[in-house]
Every structure is written in structure tokens, then in C-alpha cells.
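Just add 54 to wherever you are in the sequence shown, counting from 1, and you've got this note's numbering.
We put the CB at the ideal spot given by N, CA and C, even for glycine.
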Amino acid sequence: MTLTSSKSPEDLQSATRIVGAGRRPEWTGPVVNPPVWRASTHLYADTAALAQGPRTNEDGRFFYGRRGAPTQWALADALTALEPGAAGTVLYPSGVAAIAGAMLTVLRPGDVVLISDNAYDPTRSMGTGLLRDFGIEPRFFDPLDIAAYEAAFCERTRAVLLEAPGSLSMEVCDLPALARIAGEKGAVSMLDNTWASPLGFAGLTHGIDITLMALTKHVGGHSDLMMGSASAGPELYARLRDRAQQLGNVISPDDAALALRGLRTLHLRLAHEAQSALAVAQWLSARPEIAQVLCPMLPGAPGHDLWKRDFTGGCGLFSFVFKGSDAAARNRFIDALTLFGIGYSWGGFESLAIPINPSIHRSTMKWPPAPSHEGSQHGVRLSIGLEDPGDLIADLEQALAAWHQPAG
Ligand SMILES: *Cc1c(COP(=O)(O)O)cnc(C)c1O
């Protein structure tokens with residue numbers, strides 16, 4: 055048996071690709087998974103071989119630890135196989151490092167970068183901190199206002215950073231339209247695709263130039279590693295790779311092996327989480343305490359139509375807003391939950407809840423999104439894990455009692 059199917063990889067369903075991705079016999083040997091190659095020094099046969107070095111700079115050529123070894127190569131190869139249109143994937147020590155690596159690849163001093171106003175907060179801080187310090191000007195735009203976005207371009211705009219659904223507030227924007235406009239203006243489009251992964255939104259085939267992921271979330275999937283990735287077509291992949299090498303980015307082989315383990319069940323976890331999240335979102339939307347459920351998979355919720363048009367999957371992450379303006383009640387609700395941990399991050403096997411107030415991370419967009427609930431602003435973000443959804447709903451229900459009434 056070989057792992058090379060009679061079908062070309064592009065014709066296989068993603069579940070089938072996930073099982074085989076990155077398992078090249080020259081990297082795995084006779085075992086199923088690539089061993090953990092702990093290596094800084096790679097040895098050469100003699101000085102002639104050393105002088106010759108690797109003829110080309112690509113995965114699969116032993117050179118020195120910073121360029122990785124089979125464990126890291128197998129993970130990058132697997133992620134490339136899951137991203138239609140990608141020529142390669144660069145790995146970074148965190149999701150934020152991947153975003154910084156992409157920004158520093160495509161931007162130069164004097165350039166303007168357009169950043170989606172609902173992007174992940176550290177992405178926004180990267181614009182106003184790192185990038186501004188290096189002479190690059192960040193401008194925040196409302197991704198739901200396409201005319202304003204188009205008008206925001208100038209001669210110096212070299213790149214656009216998109217994210218959908220938006221962090222915390224979960225709006226879905228018209229990604230193909232925004233990417234097309236960026237292309238027409240000669241700007242590189244980058245998408246933080248952590249929420250959907252390529253299984254839920256194949257970014258490059260929708261016109262995005264660079265897709266980014268925090269592998270920390272779904273790909274790792276078990277809340278025990280930090281990592282990021284950037285995938286692109288041939289020209290941008292080569293530039294991302296060079297810049298990552300100049301920045302000294304490298305990931306540990308142990309983490310690469312963990313991420314590969316997580317990746318093998320990614321499709322199952324995403325499907326289960328998305329289904330449970332929809333059940334929880336439906337239940338919440340019928341509750342009298344809740345002003346708005348912000349879940350793209352929920353029919354009638356903001357962004358659902360675009361999600362349905364462009365996405366092929368969802369995940370367990372969504373938000374909701376309580377009626378009224380009682381922050382203490384919202385916090386009592388979260389504190390009363392027993393099956394949800396309180397913590398940042400998401401996409402692990404276990405459910406999490408955090409209080410949110412996106413208005414402090416916005417320049418142009420309004421929070422909460424729907425104008426019909428003025429006064430409501432205290433939100434909660436849930437990351438639904440692999441627990442039984444009925445148990446999660448029962449936990450949410452008992453915690454709503456604490457929202458109504460402080461414990462006597
Ligand atoms: C968590 C997250 C990141 C950053 O990933 P880290 O690995 O924590 O640096 C980037 N984008 C989104 C949307 C995230 O949720």
C-alpha cells in the first residue's frame with residue numbers, strides 16, 4: 055500500500071487529505087507519524103558536502119536546525135495540502151508571529167496597510183505599535199462598508215488585513231469582494247482564517263493572497279501549544295519564507311508533532327463543535343435575557359447569509375449580548391458556569407467563556423452590531439468544545455439564574 059492515491063490529491067475530500075497529508079515515506083520511514091527530529095546541527099559527510107550545502111532553500115533539504123527537519127516539514131506540507139492553491143506554508147512560533155511575519159514581508163516604510171476594524175486586538179496593536187514604529191501607516195476600515203473600504207485606498211496602500219468572522223463581534227464580511235478590490239488596487243490581501251480554517255473557507259481560491267492561522271486554536275486543538283502559519287502561492291510563499299528566516303522564526307519539533315496529532319482530527323472536531331454551537335446558539339436566541347446572538351451559523355444572525363454563501367463550515371466560537379446594561383449580572387452568569395473554563399484562547403476540546411466589550415477595540419465599527427438593542431453592551435464569547443451540548447445548555451440555564459439574582 056502506498057499513501058499515494060490513484061486520484062490526485064486535489065480530487066480527494068478534505069477528510070481523506072487530512073489523514074494522508076504530510077506523511078511522506080522519506081520523512082516517516084516505516085512508521086505512521088514522522089518521528090520528533092530534535093536537531094540544531096545537521097551533519098555533512100565531508101567538507102566538500104559542507105561547501106556545496108543544500109542546492110536549494112526548500113523543505114526536505116537538511117541544512118541547519120533553523121530551517122527545520124522532517125517533523126516541521128511534514129506539518130508545513132500537511133497544511134499546504136489542505137489549502138487549495140497554496141504552494142507552501144511557513145510555520146511561526148505563534149499566531150501573532152505569523153501575522154507579523156506576513157506584514158513584514160509585504161510592507162515597507164512609507165506604505166499604508168488597511169486593517170479590518172474587527173481584527174484580533176493584537177493585530178490592531180501591531181498596526182499602531184510595531185508597524186507605525188517602522189514607518190508603516192495602519193488605517194482601520196469597516197469591512198461591512200465596501201464603498202468606504204474602496205475609498206480608503208491610496209497610492210501608498212500595499213496590503214489589506216482581513217478577518218472573518220470579526221474577533222469578538224463575529225461579523226462576516228464579503229471576503230471575495232474585499233479581496234478582489236485589493237487586487238484591483240495592487241494591494242496584497244491577507245486573511246486571518248483562524249476561525250474557519252481552510253476546511254470552512256478556502257481563502258486562496260476566493261482571491262486571498264496570504265491565508266494566516268493561529269494553529270494554537272483549532273489545529274492544535276488540545277490547548278497545549280502555541281503556533282501560527284501562513285500559506286500562499288509560489289511567489290509570496292518564497293518571500294514569506296525568506297523573511298521568516300531573516301526574522302529567525304522556527305518552531306520546535308515536539309510542538310510540530312503535537313500539531314500534526316491535532317490536525318488528524320480537525321475535521322471531526324470542527325464539525326462537532328459547529329453543530330453543538332448552533333444548538334447552543336439556537337437555545338440562547340430563544341431566551342428572554344438575551345438581546346442578540348452573534349453566531350454566523352445561526353439563521354437570521356448577522357452575517358449568516360454571507361457565511362452560507364462563501365463558507366463550507368463553522369466552528370464552536372460565537373458571542374451573545376445580554377439585555378440591559380448590568381455588567382455585574384453578566385459577570386455573575388460567567389462565574390456561575392461549571393462546565394466552561396474562564397480563559398483566553400479557544401478551539402480546544404474544552405468549552406470556554408469570557409466577558410467581552412469590543413467597543414474598546416474599535417475605531418470605526420459600532421458595538422453592539424444591531425441598533426435595536428441600545429443599552430445592551432455586555433457580551434459573552436463562548437468557545438464550544440466537545441462536551442455533550444445538552445449538558446452545556448443545562449449549565450448555561452442554571453447560570454442564567456445567577457444573572458437574574460445575586461447568590462443570597
Ligand atoms: C488567538 C488568535 C490569534 C493569535 O494566535 P496566538 O497563537 O495566540 O498568537 C490570531 N488571530 C485570531 C483570530 C486569534 O483568535
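Heavy atom of ligand 1 within 7 Å of residue i beta-carbon
i: A7; result: In the structure as shown, the chain begins at 55 and stops at 462. Residue 7 is therefore absent and cannot be evaluated.
i: D246; result: yes
i: A298; result: no
i: Y174; result: yes
i: W268; result: With the sequence shown as reference, residue 268 is identified as Ala, and Trp is not the correct amino acid for it. Correct: A268 has its Cβ closer than 7 Å to ligand 1.
i: M280; result: yes
i: S306; result: no
i: S148; result: yes
i: E209; result: no
i: S277; result: no
i: E327; result: no
i: S399; result: yes
i: E217; result: yes
i: S223; result: no
i: K271; result: yes
Which of helix, strand or coil DSSP assigns to residue i
i: V167; result: strand
i: D263; result: coil
i: S413; result: helix
i: G282; result: strand
i: F403; result: coil
i: G107; result: coil
i: T56; result: Reliability of the predicted coordinates at T56 is poor, the pLDDT of 48 falling under 50, and no value is obtained from them.
i: P138; result: coil
i: Q346; result: strand
i: R193; result: strand
i: F365; result: coil
i: T211; result: strand
i: R435; result: strand
i: A512; result: Given a span of 55 to 462 for the chain in the structure shown, any question on residue 512 remains unanswerable.
i: E451; result: helix
i: V273; result: coil
i: V160; result: helix
i: D100; result: coil
Residues near residue i in its chain [Cβ-Cβ closer than 8 Å; skip 5 each side]
i: L332; result: C349, M351, L352 and G368
i: G287; result: G139, A140, A141, L258 and D263
i: I447; result: A333, V334 and W337
Close beta carbons around residue i, own chain, < 7 Å, minus the five adjacent residues each side
i: L279; result: T270, D309, L312 and A313
i: L133; result: T143, S283 and S285
i: D445; result: L393
i: D65; result: none
i: R234; result: G261
i: I72; result: L136, L317, R318, L320 and H321
i: F365; result: A250, G254 and F255
i: N303; result: Y146, P147, A151 and G155
i: G114; result: W127
Proximal residues to residue i (C-beta, below 6 Å), its chain only, five neighbours per side dropped
i: A383; result: W457
i: D175; result: H415
i: P197; result: S170 and C227
i: S413; result: W421
i: T125; result: P88, V90, W91, P307, A310 and A311
i: G119; result: A93 and S94
i: R323; result: G275
i: A128; result: G76, W81 and P88
i: A123; result: W91 and A93
Heavy atom of ligand 3 within 7 Å of residue i beta-carbon
i: V226; result: The model on display carries ligand 1 but not ligand 3.
Local Cβ density within 10 Å of residue i, reported as buried at 16 or more and exposed below that
i: E217; result: buried
i: V334; result: buried
i: T110; result: exposed
i: L450; result: buried
i: L104; result: exposed
i: S68; result: buried
i: E225; result: buried
i: V86; result: exposed
i: P192; result: buried
i: R435; result: buried
i: L454; result: buried
i: I153; result: buried
i: P423; result: buried
i: M55; result: Bear in mind that the predicted position of M55 carries a pLDDT of just 42, short of 50, making it unreliable; the figure below should be weighed with that in mind. Answer is exposed; the Cβ neighbour count stays below 16.
i: L97; result: exposed
i: S373; result: buried
i: S223; result: buried
Given 8 Å, three or more beta-carbon pairs between the stretch 242-249 and the stretch 332-346: The answer is no - the stretch 332-346 does not touch the stretch 242-249, with fewer than three Cβ pairs under 8 Å.
Cβ contact (3+ pairs, closer than 8 Å) linking the stretch 152-164 and the stretch 182-192: They touch, by the three-pair rule.
Cβ contact check for the stretch 436-454 and the stretch 395-405: 3 or more pairs under 8 Å: The answer is yes - the stretch 395-405 touches the stretch 436-454, with three or more Cβ pairs under 8 Å.
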